[in-house]
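Chemist:
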């Protein structure tokens with residue numbers, strides 16, 4: 012049972028942390044609960060679809076279908092996160108100042124929340140499909156099913172608890188810091204996802220440049236440990252990154268930084284009239 | 012779409028096969044056969060993992076940095092290396108107790 016709990020929890024970590032951060036980042040935006048729920052629901056549905064077609068996906072594109080699908084959804088998530096952060100940089104000050112007023116402005120508030128709903132969808136779908144396959148395996152095997160399924164359910168609950176913990180941890184910060192902290196978290200999340208997308212593209216053989224590993228810290232913290240997984244999601248930790256992964260990571264950070272700067276510097280002029 | 016894929020396969024197949032040396036292992040009853048596989052050090056090669064169980068398995072290795080879900084009754088081919096001489100462990104994430112193995116690069 013404990014084994015099943017740990018396997019499922021390890022898979023749920025990413026989705027749990029992403030949901031927690033997204034909820035904290037969208038505090039005060041009307042309808043966010045609905046959008047996040049929609050993201051989760053579609054993610055669960057998508058996970059089922061991906062699991063059912065696991066064989067077909069795997070065989071597509073000369074056996075690289077799985078890696079390409081992962082890379083594609085990660086890239087979508089990176090774009091969505093970037094867009095959200097840039098949008099928030101533009102409107103964040105108003106949000107922080109008058110949460111209720113902007114919250115009522117549904118049409119404006121909807122823009123970043125749809126982007127983040129996509130991120131939630133992607134995170135749930137990616138990890139969920141592996142959970143579905145694992146649980147299906149348990150059901151087919153039949154032996155010790157109750158105990159294993161209980162473990163799996165507890166693993167899911169632990170993931171939900173992690174989401175709640177990260178959400179309440181973030182919103183317990185003083186209001187004026189929440190926006191900056193969630194922006195930084197989302198930036199790091201995006202950079203980590205970009206690096207992971209590169210890893211999948213390299214695994215698929217689509218990208219062959221800069222494939223050499225630049226360091227190896229697996230002796231210190233392995234990717235498959237719980238702490239390793241959490242840091243993987245939060246800051247993009249990888250025990251053995253390739254040079255191109257590092258390039259993608261830094262490029263994402265730089266892009267986000269420059270875009271936010273540009274948006275912010277354009278603000279006073281626009282608000283003047 | 013299928014035609015296009017077939018064309019891509021036909022184009023890419025012979026080239027990668029010419030470059031790489033091929034190895035294979037089978038998952039059966041959530042165990043790897045062979046559990047230990049000798050591979051050449053300092054060379055790129057492909058590893059075909061055949062999953063003959065009905066359930067899916069995730070072929071994973073922290074040592075060689077692989078993570079691939081293989082559906083029941085399917086197989087997956089992974090390009091690995093070049094590896095330094097040494098032992099590289101891998102496992103099946105869904106059945107870590109029994110599905111364990113290693114590549115030995117020489």
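Protein chains in written order, with the numbering used here: chain U, 12 to 284; chain W, 12 to 117. All C-beta atoms, glycine included, are put in the ideal place defined by N, C-alpha and C. All values derive from a computational prediction rather than experimental measurement.
Of all the CB atoms in chain U, is at least one closer than 7 Å to the CB of residue 49 of chain W?
Modeler: With 7 Å as the cut-off, residue 49 of chain W does not count as an interface residue toward chain U.
Chemist: Looking at the secondary structure, which residues open and close the alpha helix (DSSP H) in which residue 258 of chain U lies?
Modeler: First-last of the alpha helix (DSSP H) with residue 258 of chain U: 254-276.
Chemist: State whether the region 55-66 of chain U contacts the region 168-179 of chain U, with contact taken as three or more CB pairs (one from each stretch) at a distance under 8 Å.
Modeler: Touching, no, given that fewer than three Cβ pairs across the two stretches are closer than 8 Å.
Chemist: Assign residue 201 of chain U to one of three DSSP states: helix, strand, or coil.
Modeler: Here residue 201 of chain U sits in helix by DSSP.
Chemist: What residues from the region 246-265 of chain U come within 9 Å of chain W, judged by C-beta to C-beta, listed N to C?
Modeler: The residues in question are 249, 250, 251 and 253.
Chemist: Give the range of the beta strand (DSSP E) segment to which residue 131 of chain W is assigned.
Modeler: Residue numbering for chain W in the displayed model covers 12 to 117; residue 131 of chain W lies beyond these limits and cannot be assessed.
Chemist: When burial is assigned at 16 or more other CB atoms within 10 Å of the CB, is residue 105 of chain W buried or exposed?
Modeler: By the 10 Å Cβ count, residue 105 of chain W comes out buried.
Chemist: Can you give me the Cβ contacts of residue 63 of chain W inside the same chain, cut-off strictly under 6 Å, excluding the 5 residues immediately before and after it?
Modeler: For residue 63 of chain W, where only same-chain residues beyond five positions count, the Cβ hits under 6 Å are 37 and 39.
Chemist: At a cut of 8 Å, does the region 199-217 of chain U reach the region 80-90 of chain U through at least three beta carbon pairs?
Modeler: Flag = yes, the region 199-217 of chain U and the region 80-90 of chain U touch.
Chemist: So, for residue 267 of chain U: in the same chain, excluding its five sequence neighbours on each side, which residues have a beta-carbon less than 7 Å away from its beta-carbon?
Modeler: The residues are 93, 96, 198 and 201.
Chemist: Hey, how far is the Cα of residue 152 of chain U from the Cα of residue 205 of chain U?
Modeler: Whole-angstrom Cα-Cα distance: 37 Å.
Chemist: How should residue 77 of chain U be labelled, buried or exposed, when 16 other C-beta atoms within 10 angstroms of its C-beta is the threshold for buried?
Modeler: Its Cβ being crowded by 16 or more others within 10 Å, residue 77 of chain U is buried.
Chemist: Note down the Cα distance separating residue 91 of chain W from residue 113 of chain W, rounded to an integer number of angstroms.
Modeler: Each residue's alpha carbon lies about 13 Å from the other.
Chemist: Only counting the same chain, and skipping five residues up and downstream in sequence, which positions put a Cβ closer than 6 Å to that of residue 88 of chain W?
Modeler: The residues are 57 and 59.
Chemist: So which residues on chain U does residue 88 of chain W lean against when the C-beta distance must stay under 8 Å?
Modeler: Going along chain U in sequence order, the residues near residue 88 of chain W (Cβ under 8 Å) are 74.
Chemist: Excluding sequence positions up to five away, which residues of its chain have a Cβ less than 8 Å from the Cβ of residue 93 of chain W?
Modeler: Hits under 8 Å: 52, 53, 54 and 55.
Chemist: Closer than 7 Å, CB to CB, is residue 66 of chain U near chain W or not?
Modeler: Judged by the 7 Å Cβ criterion, residue 66 of chain U is in contact with chain W.
Chemist: Please report the straight-line C-alpha distance between residue 245 of chain U and residue 52 of chain U, rounded to a whole angstrom.
Modeler: Spanning the two alpha carbons is a distance of roughly 23 Å.
Chemist: Residues of chain U with CB closer than 8 Å to the CB of residue 66 of chain W, please, in chain order.
Modeler: Residues of chain U passing the Cβ test: 144, 147, 148, 151 and 152.
Chemist: Within 10 Å of its beta-carbon, does residue 180 of chain U have 16 or more other beta-carbons around it, so buried, or fewer, so exposed?
Modeler: It counts as exposed.
Chemist: Using three-state DSSP, classify residue 217 of chain U as helix, strand or coil.
Modeler: Coil at residue 217 of chain U, not helix or strand.
Chemist: How is the alpha helix (DSSP H) around residue 371 of chain U delimited, first residue to last?
Modeler: The requested residue 371 of chain U does not occur in the structure, where chain U is confined to residues 12 to 284.
Chemist: Pick helix, strand or coil for residue 113 of chain W, following the three-state DSSP scheme.
Modeler: Residue 113 of chain W: strand per DSSP, three-state reduction.
Chemist: Report all residues from its chain with a CB closer than 8 Å to the CB of residue 216 of chain U; omit the five preceding and five following residues, and keep chain order.
Modeler: Once the five neighbours on either side are set aside, the close Cβ partners of residue 216 of chain U are 75.
Chemist: Sort U:61, U:35, U:85 and U:100 by Cα distance to residue 82 of chain W and report the nearest one.
Modeler: When each option's Cα is compared against that of residue 82 of chain W, the closest is U:61.
Chemist: Could you check the C-alpha separation between residue 44 of chain U and residue 98 of chain W for me, to the nearest Å?
Modeler: Taking the straight line from one Cα to the other gives about 49 Å.
Chemist: On the premise that residue 166 of chain U lies in contact with residue 16 of chain U, defined as a C-beta separation below 8 Å, what is that separation, rounded to the nearest angstrom?
Modeler: With a Cβ gap of about 4 Å, residue 16 of chain U and residue 166 of chain U count as contacting.
Chemist: Could you name each continuous alpha helix (DSSP H) segment of 4 residues or more that falls completely within the region 40-110 of chain U, going from the start of the chain to the end?
Modeler: DSSP runs (the alpha helix (DSSP H)) wholly in the region 40-110 of chain U: 43-63, 65-74 and 76-108.
Chemist: Can you find the residues in the same chain that come closer than 7 Å, C-beta to C-beta, to residue 221 of chain U, ignoring five residues on each side of it along the sequence?
Modeler: Cβ neighbours of residue 221 of chain U beyond the five flanking positions: 253, 254, 255 and 258.
Chemist: If we call anything under 7 Å between Cβ atoms a contact, is residue 30 of chain U one with residue 143 of chain U?
Modeler: Taking 7 Å as the Cβ cut-off, residue 30 of chain U and residue 143 of chain U do not qualify as a contacting pair.
Chemist: Just tell me which of U:81, U:161, U:100 and U:38 has its CA closest to the CA of residue 207 of chain U.
Modeler: Comparing Cα positions, the closest option is U:81.
Chemist: For residue 72 of chain W, collect the residues of the same chain with a Cβ closer than 6 Å to its Cβ; drop the 5 residues on either side in sequence, then sort them by chain order.
Modeler: Here the set comprises 101.
Chemist: By a C-beta neighbour count over all protein chains shown, 10 Å radius and 16 as the cutoff for buried, is residue 227 of chain U buried or exposed?
Modeler: The residue in question, residue 227 of chain U, is exposed, as its Cβ has fewer than 16 Cβ neighbours within 10 Å.
Chemist: With DSSP collapsed to three states, give me the class of residue 47 of chain W.
Modeler: Strand.
Chemist: Can you give the Cα-Cα distance for residue 161 of chain U and residue 270 of chain U, rounded to whole angstroms?
Modeler: Going by the C-alpha atoms only, they are around 46 Å apart.
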